[in-house]
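In my numbering, the protein residues as written are 1 to 252.
Backbone N, C-alpha and C fix where the C-beta goes; we use that ideal spot for every residue, glycine too.
Source: prediction; values computed, not measured.
Worksheet: one structure, shown below.
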């Protein structure tokens, strides 16, 4: 087997003296795990970094044999945002969540495109991403839940069927609930931030935090809890970074 395709690097670890284990997200094959010979060299370390988009050349000598990969850099995200802590935290969380949750070898073309779009936005506009990029990131987490089969239904109230005044999400079913439908149970529901109801709204620090807590609840329960795993540390650091910046700016 030989093929060539754009790939997003999501995980890298040393393998032997000079090689590296590389996990990549691709359009046609979903998550791919491969060996990069020379991946631990200076040039290899620069190429095989989480967040980088590479032109990957994949070869496999036979069924069951390890996949080998070589490549060239198409777009480097991490190097552009090293001094941007929130943008860097978003990028790291994207890579870790994709690597930890997506099944190996299953195509996900739409999600692959959405992931590249998010990382391109973060890398090319890190100043903007630091200020207003979290809604894009939270939408990506909701897309991840959908790909995994745990998508939320935010289209209409689960109780009344109405599409207006949606303000909550059931933590059990993942369906939206309106103000009228919530009634006396509203304290048991998760807030639905306004920017998830209306893409024209950028939201506030408090709403972004609520958005991360919303998607995080279902990631923790469905994507990781079923395997008795906690949310990855990179995802937890992202929420902590947001809370620190919110406190620093004294914004609600």
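Do residue 48 and residue 10 have their C-beta atoms within less than 8 Å of each other? The Cβ atoms of residue 48 and residue 10 do not sit closer than 8 Å to each other.
Just the C-alpha distance for residue 56 and residue 110, rounded to the nearest angstrom, thanks. Straight-line measurement puts the Cα of residue 110 at about 19 Å from the Cα of residue 56.
DSSP three-state call for residue 246: helix, strand or coil? Judged by DSSP in its simplified three-state form, residue 246 adopts helix.
Bounding residues of the beta strand (DSSP E) (the contiguous stretch that carries residue 178): Per DSSP, residue 178 is one residue of the beta strand (DSSP E) stretching across 176–178.
What are the start and end residues of each continuous alpha helix (DSSP H) run of 4 or more residues lying completely inside the segment 49–126, in chain order? Within the segment 49–126, complete alpha helix (DSSP H) segments of at least 4 residues are found at 85–101 and 109–124, given in chain order.
Alpha helix (DSSP H) segments (min. 4 residues) lying fully within the segment 126–209: Correct list: 126–132, 134–147, 179–182 and 194–197.
Buried versus exposed call for residue 123 [16 or more other C-beta atoms within 10 Å across all chains shown]: Buried, because 16 or more other Cβ atoms sit within 10 Å of the Cβ of residue 123.
Straight-line Cα distance separating residue 2 from residue 190: For the pair residue 190 and residue 2, the Cα-to-Cα distance works out to about 47 Å.
DSSP state of residue 217 mapped onto helix, strand, coil: In the structure shown, residue 217 sits in a helix (DSSP, three-state: H, G or I).
Counting only the same chain and skipping the five closest in sequence on each side, list residues whose C-beta sits under 8 Å from that of residue 41. Hits under 8 Å: 18.
Helix, strand or coil: which one does DSSP assign to residue 35? In the structure shown, residue 35 sits in a strand (DSSP, three-state: E or B).
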